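Student: Structure incoming, see below.
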Amino acid sequence: MSDITSQSLFELTSNIKEKKLSSEEITKAFISRAEKSKKLNVYVTDNFEKAIDQSKKFDSNPNLDSKLPGIPIAVKDLFCTNGVRTTAGSKILNNFVPTYESTVTQNLWSQGAILLGKLNCDEFAMGSSNETSFFGNVQNPVGENLVPGGSSGGSSAAVAANLTPVTIGTDTGGSIRQPASFTGTVGLKPTYGSCSRYGIVAFASSLDQAGPMTKNVRDCSMLLEVISSFDQKDSTSIDYKRNYYSKELSKDIKGKKIGIPKEYRVDNMPDEIEQLWKNGISYAKDCGAEIIDISLPHTNYALPTYYIVAPAEASSNLARYDGVKYGFRSPGQNLIEMYEKTRSEGFGDEVKRRIMIGTYVLSSGYYDAYYLKAQKVRQLIKKDFDDAFSKVDAILTPSTPSSAFKIGEKTNDPVSMYLNDIFTVPINLAGLPGISIPAGKDKNNYPLGLQVIGKPFDEQNILNISYALEDKINFKNDISDWWLSE
Amino acid sequence: MSKNSEYLIERENKQYEVIIGLEVHAQVTSESKLFSQSSTKFGAEPNTQVSLVDAAFPGMLPVINEFCIEQAIKTGIGLKAKINKKSVFDRKNYFYADLPQGYQISQYKYPIVGEGKVILDMPNGQKEIGIERLHLEQDAGKSIHDIDPNNTLVDLNRSGVALMEIVSKPDLRSPDEVNVYIKKLRSIMRYLGTCDGNMQEGSLRADVNVSVRLKGETEFGTRCEIKNVNSIKFMQMAIISEANRQIDLLEEGKEIDQETRLFDTKRNETRSMRSKEDAHDYRYFPDPDLLPLEISQELIEKIKSDIPELPDEKKKRFIDKFNLSPYEATILVSDIETSNFFEEVIKNSDVKLATNWITGELFAVLNEKNLEISQSPVSAKNLSKLINLIKDGTISGKIAKTVFEQMIDGDQDPLIIVKEKGLKQESDPKAIEELINKVIENNSDKVAEYKSGKDKLFGFFVGQAMKESKGKGNPQLINKILKEKLNG
């Protein structure tokens, strides 16, 4: 048997069910590795003691019929966890301990999983490198001083570094898929309305979606199956019949029509990304899929549209962090002064930047030119996909326009940072499911990902295509454990 | 409307007309809040009716309370208004300590109810007031500044309670019309059970828009909005004071600034709260946590079929069926409790007498004791018994008043009072004749005067006979026999 922490969720689950491993053994193995991996800075808050207690409790009376039997899982620190500090990577929630549980994490625990801890992320999920976190940046296990992507950077790093078997992140504009691509892992953003937003610290409500981040496609299907559920506590949750994703997982994609959008061939795209895409296309052909050239004409407008819609919603969603009810408060002589000090000191620069952008685009006199226009463009982007999906079953694109970059490389250039999300953002605007799978490496040996985009609620199809491609690509992450300390 | 009933403010040879529009905030009668399951009960200990949603904890999401939607639709139907099958909840963004989300969920561009109307019964006829719209929104919490000298305290019990904002067109022209309008609106909502209209508990408050113009002008003047006035009396005072302030400015050749003002009840004047330049930019946008609200025709039809008879229809029925005067009918339908009481009384008794007794004696007692009709010391059942005693001649109207006075004390049965006190009317012609004989004997001088032509003395004899009968004599009989005796 291979080292516990390098096992996939599927392997761990099988080993528990076959009683080859106990929950306690597994939990302790991950904790022990985490304790040697502080350099990566993936944890904001650990739950190790309680996790061990819970694993023992599980072992004393194991329910082996559950889908995540005694499996320890760390989650992004954007999910509210009952009794465990939840910070959203922000100083303003530094001391915040929820008395409630998010629906998505509750779904994990209901299937036997155990909370290992809360993973670092960009502040309020605003960032593409995990550098905006109040709790410091996260190291990408792929290479020293390399960003793990963001905003779910702690999550991608933790999966890649074998610090959690699987994890869940959230994706507003690419926050699951981009870090997955940067760390050689798998990340799926489900259709908007699949996973409940109840109990997830909101960034941009019309775009936010939780999703699985795993080592491989099968684990991804297993985890999606658990977290995707209809929830009356979220008015945007959609009641539809969800697949038994792991059971229906298949590599047979013969005859599937896969679209290649010409607009994703952006200027200055590195050759290696172009090559990665070509390889993906030929693998898909090898699997019997039919490749069809398509056009998504409004792709160029997606990023500006996103950077109006998301900050607009964020500026309003973050108004509740005012020092009055919970979280950080900086005292003032009067209410206004208290607000100003609390929010100036409590939020980081990127969050403030987006609050200001959002406030601006919603202001009277600017609303029509920005917010309203952006909503109209969003409809056009959606329509592009609708038209494309009348011809194809799925769309294949690169996940990101580059591989992971160095820590600090883009912190002073927000626009170049935003450009990282150019291939992922349109999918959020259209509310579609998208998955990033590792598909190759660049000249530095850093991972690169391919993205498969599906029709609404067609997660099964993109999982199957990814499963088939994964087999052909046969990607191996080359991680040297350089950060480990004794 | 006749000329002399117009409400005009005079200034040296000039007459100013006052234009008023109201934005009434009516608390929806519902067990739980608009987007959470917390209780809405009034008067609870501070911060005991607050859910995680109401306090805007991270990750909490609003879920619409469908009952509140139905209440708004019901009210819309009562206002004879258009129900919009699609409406949108927006966020109205501003910071305040008692606004936990940092925004209020309201309806801005697409309200649930569109244009409607309210008919006012004014002394000189009916007047129609247009309704611009009705929308649903959350109430804020309450900031309390006077408990702790150094801190403002916040009570979130009210945070998230459903309000209907009912916006009138600028059709009101006088403080009297405002009085009738508010009462009518309140009455309609109480008939429907959609708002209890309790102004003391803040269930009904209004923002009052006032402008003035010279009589005959057709353009509107610049308006000022007086925020959050919570009684009809204060609304009327505020309007008079504000209209005069504006007229004074115009008379001095000054301009009126469009602004938001507050009414200081102690000084009886309005003062500026913020000018147009300082107006909040609320940055309204559709709430992404809520889908647009879609209402089916079936739901509208179902609610329509449950709508009770409303004041206007009831008034018409009372006039047509019971032959009441429009004035009487208006009074009796003005409040659902009153009309219910009336209909209960007339189930078993005479309509005309019931109308007189309710609008006369009963209302006087309620007024004097400052009671609502629901707290009436005399039940409908006993009042109808009393009316039947008058109708069948058992007691006279005068005796009935005595009996009524006693009934007030613990809702006593009039039959028992009449029996115990021996108040039954004397209707035996022989007995009456006897006492009339006695009166004539004792007042021979007056009889002589009467016979010599002093007709007015007849009343004196009736009075004496009544007195002799200790008030129990049948008045018709006394009249008849007296006439026979004196004229015979």
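Quick mapping for you: the protein sequence lines, in order, are chains D and P.
Heads up: the first sequence runs through residues 3 to 488, numbered per the working numbering.
Heads up: the second sequence runs through residues 353 to 840, numbered per the working numbering.
The C-beta atom is built at its ideal place from N, Cα and C for all residues, glycine as well.
Quick caveat: nothing in here was measured; it's all calculated off a predicted structure.
#1: Within its chain, find whatever has a CB closer than 6 Å to the CB of C222/D; leave out the 5 residues flanking it on each side and keep chain order.
#2: Should D744/P be labelled buried (16 or more other beta-carbon atoms within 10 Å of its own) or exposed?
#3: Using the beta-carbon of each residue, which ones in chain P are nearer than 7 Å to K235/D?
#4: To be precise: take each residue of the segment 477–503 of chain P, compare its Cβ to all Cβ atoms of chain D, and keep it if any distance is under 7 Å. Which residues remain?
#5: Is it buried or exposed for Q462/D, if we count other Cβ within 10 angstroms and need 16 for buried?
#6: Can you check the segment 156–213 of chain D for any beta strand (DSSP E) of at least 3 residues that lies completely inside it and give the ranges in chain order?
#7: What residues are listed by DSSP as bridge partners for K59/D?
#8: How would you list, in chain order, the residues of chain P whose beta-carbon sits under 8 Å from the beta-carbon of E339/D?
#9: Give the straight-line distance between the Cα atoms of N319/D and P640/P, rounded to the nearest whole angstrom.
#10: What residues in the segment 94–112 of chain D have a beta carbon less than 8 Å from any beta carbon of chain P?
#11: Return the bridge partner residues of C576/P from the DSSP annotation.
#12: For P428/D, which three-state DSSP category applies?
#13: Taking 8 Å as the threshold (beta carbon to beta carbon), is A424/P in contact with chain C?
#14: In chain order, what residues of the same chain have a beta carbon less than 6 Å from the beta carbon of D548/P, not counting five sequence neighbours either side?
#15: Applying the 10 Å Cβ sphere with the 16-neighbour rule, what's the burial state of M587/P?
#16: Please tell me whether Q335/D and T399/D are closer than 8 Å, where the distance is taken between their beta carbons.
#17: Using only alpha-carbon positions, find the residue among M625/P, I742/P, I792/P and P501/P that is nearest to L775/P.
#18: Taking Cβ positions only, does P527/P come closer than 8 Å to chain D?
#19: Would a check of beta-carbon distances place A204/D closer than 8 Å to chain P?
#20: Chain D partners of L857/P, CB-CB under 9 Å?
#21: The beta strand (DSSP E) spanning M625/P covers which residue range?
#22: Let me confirm a value: D386/D is counted as buried when at least 16 other C-beta atoms fall within 10 Å, else exposed. Which label applies?
#23: Using a C-beta to C-beta distance shorter than 9 Å, which residues of chain P count as neighbours of R1/D?
#24: Quick one: is Y242/D buried, meaning 16 or more other Cβ sit within 10 Å of its Cβ, or exposed?
#25: Would you say the segment 114–121 of chain D touches the segment 76–92 of chain D, given that touching needs at least three Cβ pairs under 8 Å?
#26: CA-CA distance, M2/D and N446/D?
#27: Contact defined as beta carbons within less than 8 Å: I believe I578/P pairs with V564/P. What is the distance between those atoms, to the nearest angstrom?
#28: In this structure, does DSSP put K835/P in helix, strand or coil?
#29: Please find out if some non-hydrogen atom of the ligand ADP comes closer than 7 Å to the beta-carbon of V44/D.
#30: Assuming the contact rule is C-beta atoms closer than 8 Å, L364/D and Y373/D should be a hit. Round their C-beta distance to whole Å, please.
#31: Rounded to a whole number of angstroms, what is the C-alpha to C-alpha distance between M353/P and K803/P?
#32: Select from N692/P, E793/P and H632/P the residue whose C-alpha is nearest the C-alpha of F670/P.
#33: Whose C-beta lies closer than 7 Å to the C-beta of V814/P among residues of the same chain, with five residues either side of it excluded?
#34: Below 7 Å between beta carbons is the criterion; list the residues of the segment 426–460 of chain P that meet it against any residue of chain D, in chain order.
#35: Buried or exposed: which applies to G762/P, given that a residue is buried once 16 or more other Cβ atoms fall within 10 Å of its Cβ?
#36: Between F330/D, V394/D and L421/D, which lies nearest to A90/D when the distance is taken from Cα to Cα?
Tutor: Put simply:
#1: V188, L190, P214 and T216
#2: exposed
#3: L413 and V415
#4: none
#5: buried
#6: 169–173 and 188–191
#7: DSSP lists no partner for K59/D.
#8: Neighbours of E339/D on chain P: none; closest Cβ ~12 Å, over 8 Å.
#9: 10 Å
#10: L95, F98, P100, T101, Y102 and S104
#11: V562/P
#12: helix
#13: Structure shown: chain C not included; protein chains present are D and P.
#14: T381 and S555
#15: buried
#16: no
#17: I742/P
#18: no
#19: yes
#20: What the structure shows of chain P is the stretch from 353 to 840, and residue 857/P is not part of that stretch, so it cannot be assessed.
#21: E621 to S627
#22: buried
#23: Because chain D is modelled from 3 through 488, residue 1/D falls outside the range shown and cannot be assessed.
#24: exposed
#25: yes
#26: Any property of residue 2/D remains undetermined from this structure, which presents chain D solely from 3 to 488.
#27: In fact, because the Cβ distance is near 14 Å, the residues do not count as touching under 8 Å.
#28: helix
#29: This structure lacks the ligand ADP; in fact it carries no ligand of any kind.
#30: 6 Å
#31: A caution first: M353/P carries a pLDDT of 41, below 50, which makes its placement in the model unreliable, though a value can still be read off. Cα to Cα, M353/P sits roughly 53 Å from K803/P.
#32: N692/P
#33: I830, N831 and L834
#34: R443, N445, F447, A449, P452, Q453, G454 and Y455
#35: exposed
#36: F330/D
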